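Trainee: At position 128 of the sequence shown the residue is numbered 207 (the numbering used here), and the sequence of numbers has no breaks. Pasting a structure here, questions to come.
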Amino acid sequence: MDWENLGFGYIKTPYRYVSEYKDGLWNGGILTDDDKVVISECAGVLQYAQTIFEGLKAYTTQDGRIVTFRPDLNAERMIDSARRLEIPEFPKERFLDAVDKVVKANKSFVPPYGSGASLYLRPFIFGSSAVLGVKPAKEYQFRIFATPVGPYFKGGIKPLTLRVSDFDRAAPHGTGHIKAGLNYAMSLHAIADAHEYGFDENLYPDPATRTYVEETGGANFIFVTKDDKIVTPKSDSILPSVTRRSLCYVAEKYLGLKVEHRPIKLSEIENFAECGLCGTAAIISPVGKINDHGKEILFPSGMNEMGKITKKLYETLTGIQTGKIQAPKGWIREIF
Ligand code: PLP
Ligand code: COI
80 MDWENLGFGY IKTPYRYVSE YKDGLWNGGI LTDDDKVVIS ECAGVLQYAQ
130 TIFEGLKAYT TQDGRIVTFR PDLNAERMID SARRLEIPEF PKERFLDAVD
180 KVVKANKSFV PPYGSGASLY LRPFIFGSSA VLGVKPAKEY QFRIFATPVG
230 PYFKGGIKPL TLRVSDFDRA APHGTGHIKA GLNYAMSLHA IADAHEYGFD
280 ENLYPDPATR TYVEETGGAN FIFVTKDDKI VTPKSDSILP SVTRRSLCYV
330 AEKYLGLKVE HRPIKLSEIE NFAECGLCGT AAIISPVGKI NDHGKEILFP
380 SGMNEMGKIT KKLYETLTGI QTGKIQAPKG WIREIF
């Protein structure tokens, strides 16, 4: 495997975990080498998009251990997602155990320390039994597969160019705060359109007033002020990113920076010194430029490298994830 040059794509690994829900119960769950799913043509997931997912990573540490980063938060967020989509909850302890099992079973696919790559884990649950009237399915599958990945955005840490989208991704009181497949289906045309016009991603403003910054299709925003304060958007229709929550803690407790989590007006962004996209897949990807309907906002950090604070955040977070820097208690789950 050419670990250094991996992109963010699916590579089939030997084992995945499956547990089935039937008659009101999740069954024991197994590891299988069968990557195919056989379900009814009328399954809830196929007809009414009843599906939720998570994303987390396993890393090789500097001293050769294999660990995951805050998987408990993914387990909890998946329970929130399940409740919103009338999907039965998958218990937290079982989620954690299943993640461990999948990493162990695919051990040789965990990229080595220093390669910049990691093993991406994708837990998901979908309605597998037939429904014709609009209602929740009676049967479900919980699965986790693993795939080795490199950077989410082509070009690694080259600053991105975004545009302010005219398409909406989430609505007030909708599903933006959970990880439902339907949110991503909603963003497919918008991302294809953005790419066609030469942009890397969309900045989705709040759909009600179009005056506040929400997030992108797959990451939260993090801004840095000219006096080195971290500011992140607050909204009920944004996904509560594990990475963003961790970065805010790191900024305050490790780097001694002030952190604000508050609504951010679109009209404010031209005053920031740095901008980044954060998420499990994105890690922190620097943003160089945002185009708001022809008006270009160029961050002082420029189009060639990460801003100074973004870089510090990136190094501290990845340092914690790979065991180079002491992690806060409970952040690292050692698998072996
Ligand atoms: N926002 C969206 C819409 C996402 O899909 C993701 C990815 O999971 C994130 C933010 C980042 O969340 P996390 O840091 O928990 O991966
Ligand atoms: C993740 O960061 O885990 C995500 O699910 C984002 C997705 C766009 C790949």
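Idealized CB from N, CA, C, for every residue including glycine. Note that the coordinates shown come from a computational prediction; the quantities given were computed from them, not determined experimentally.
1) Can you name the residues that DSSP bridges to P202?
2) Reducing DSSP to helix, strand and coil, say where D307 ends up.
3) Roughly how many whole angstroms lie between the Cα atoms of L282 and D102?
4) For the ligand PLP, is there any heavy atom lying closer than 8 Å to the beta carbon of I204?
5) For V189, I'd like the list of residues in its chain whose CB is within less than 6 Å of its CB, leaving aside the five on either flank, ordered along the chain.
6) Evaluate the contact criterion for the segment 81–90 versus the segment 225–233: three or more CB pairs, one atom per stretch, below 8 Å.
7) Would the C-beta of F87 count as close to the ligand COI, meaning under 8 Å from any of its heavy atoms?
8) Hey, would you say A352 sits closer than 9 Å to S325, going by beta carbons?
9) With distances taken Cα to Cα, identify the nearest neighbour of H36 among V321, D272 and I301.
10) Need the endpoints of the beta strand (DSSP E) that L356 sits in, please.
11) According to DSSP, is S266 part of a helix, a strand, or is it coil?
12) Can you name, in chain order, every residue of its own chain whose Cβ lies under 6 Å from the Cβ of F224, other than the five neighbours on each side?
13) The beta strand (DSSP E) that contains P379, what's its start and end?
14) Just tell me which of I363, F221 and Y100 has its CA closest to the CA of G297.
15) Got a sec: does the ligand FMN put a non-hydrogen atom nearer than 8 Å to the Cβ of E275?
16) By DSSP's criteria, R341 is part of a beta bridge. Which residues make up the other side?
17) Could you name the residues that DSSP lists as bridge partners for W105?
18) Going by the beta-carbon positions, is the gap between C354 and N299 smaller than 9 Å?
19) Sorry if obvious, but does the Cβ on T397 come closer than 8 Å to a heavy atom of the ligand COI?
20) Span of the alpha helix (DSSP H) holding D285?
21) Given a threshold of 16 other Cβ atoms within 10 Å of its Cβ, counted over all protein chains shown, does D176 qualify as buried or as exposed?
22) Nearest to A249 by CA position, among Y219, T288 and Q220, is which residue?
23) Say the cut is 8 Å; is the CB of F132 nearer than that to a heavy atom of the ligand COI?
24) Would you kindly work out how many angstroms separate the C-alpha atoms of S160 and Q129, rounded to a whole number?
25) Spatial neighbours of K91 within its chain, please: C-beta separation below 7 Å, excluding the five flanking residues on both sides.
26) Nearest-angstrom Cα distance between Y263 and H372?
27) Is the beta carbon of E280 within less than 8 Å of some heavy atom of the ligand PLP?
28) Look at the Cβ atom of Y100, then the Cβ atom of Y219, and state whether they are nearer than 9 Å.
29) Where does A298 fall in DSSP's three states?
Mentor: To lay it out plainly:
1) For the purposes of this step, residue 202 is taken as residue 123 along the sequence shown, with counting starting at 1. Answer is I223.
2) To locate residue 307, count along the sequence shown from 1; it is residue 228. Here D307 sits in coil by DSSP.
3) Reading the sequence shown from its first residue, position 203 is the one you call residue 282. Reading the sequence shown from its first residue, position 23 is the one you call residue 102. Answer to the nearest angstrom: the Cα atoms are 43 Å apart.
4) Stepping through the sequence shown from its first residue, residue 204 is reached at position 125. No, since every heavy atom of the ligand PLP falls outside the 8 Å radius drawn around the Cβ of I204.
5) Here the question's residue 189 lines up with position 110 in the sequence shown. Cβ neighbours of V189 beyond the five flanking positions: A137, T139, I145 and L198.
6) yes
7) Along the sequence shown, one-based indexing puts residue 87 at 8. Checking every heavy atom of the ligand COI against the Cβ of F87, one is found closer than 8 Å.
8) Here residue 352 refers to the residue found at position 273 of the sequence shown. Here residue 325 refers to the residue found at position 246 of the sequence shown. Taking a C-beta distance under 9 Å as the contact criterion, A352 and S325 do not qualify as a contact pair.
9) Nothing about residue 36 can be reported from this structure: the residues present for the chain run from 80 to 415 only.
10) Walking along the sequence shown from the start, residue 356 turns up at place 277. Note, L356: beta strand (DSSP E), E353 to G358.
11) The sequence position of residue 266 within the sequence shown is 187, counting from 1. Three-state DSSP puts S266 in a helix.
12) For the purposes of this step, residue 224 is identified with residue 145 of the sequence shown, where counting begins at 1. Cβ neighbours of F224 beyond the five flanking positions: R95 and R201.
13) Translated into positions along the sequence shown, residue 379 becomes position 300. Here P379 belongs to no beta strand (DSSP E), and DSSP marks it neither H nor E.
14) Residue numbering aside, residue 297 sits at position 218 when the sequence shown is read from its first letter. Considering only I363, F221 and Y100, the residue with the shortest C-alpha distance to G297 is I363.
15) In the structure on display, the ligand FMN does not appear, and the ligands it does have are the ligand PLP and the ligand COI.
16) Stepping through the sequence shown from its first residue, residue 341 is reached at position 262. Beta-bridge pairing links R341 to P312.
17) Taking the first residue of the sequence shown as 1, we reach residue 105 at position 26. Beta-bridge pairing links W105 to Y100.
18) Residue mapping note: residue 354 aligns to position 275 of the sequence shown, counting from 1. Residue mapping note: residue 299 aligns to position 220 of the sequence shown, counting from 1. Cβ atoms of C354 and N299: not closer than 9 Å.
19) Sequence index remark: in the sequence shown, residue 397 carries index 318 (1-based). Because no heavy atom of the ligand COI lies under 8 Å away, the Cβ of T397 does not count as near it: no.
20) Here residue 285 refers to the residue found at position 206 when the sequence shown is read from its first residue. Looking at the DSSP string, D285 is not in any alpha helix (DSSP H), and its letter there is neither H nor E.
21) Here residue 176 corresponds to residue number 97 of the sequence shown, with the count starting at 1. Answer is exposed; the Cβ neighbour count stays below 16.
22) Walking along the sequence shown from the start, residue 249 turns up at place 170. Residue T288 is the option with its Cα nearest to A249.
23) Numbered from its first residue, the sequence shown carries residue 132 at position 53. F132 Cβ: within cutoff of the ligand COI.
24) Within the sequence shown, residue 160 is the residue found at index 81, counting from 1. Within the sequence shown, residue 129 is the residue found at index 50, counting from 1. The alpha-carbon atoms of S160 and Q129 are separated by roughly 11 Å.
25) Here residue 91 corresponds to residue number 12 of the sequence shown, with the count starting at 1. Excluding sequence neighbours, K91 sits near D114.
26) Within the sequence shown, residue 263 is the residue found at index 184, counting from 1. Within the sequence shown, residue 372 is the residue found at index 293, counting from 1. Their backbone Cα atoms lie some 23 Å apart in a straight line.
27) For the purposes of this step, residue 280 is taken as residue 201 along the sequence shown, with counting starting at 1. No, the beta carbon of E280 sits no closer than 8 Å to any heavy atom of the ligand PLP.
28) Here the question's residue 100 lines up with position 21 in the sequence shown. Here the question's residue 219 lines up with position 140 in the sequence shown. Taking 9 Å as the cut-off, the beta carbon of Y100 is found closer than this to the beta carbon of Y219.
29) Reading the sequence shown from its first residue, position 219 is the one you call residue 298. In this structure, A298 counts as coil in the three-state DSSP scheme.
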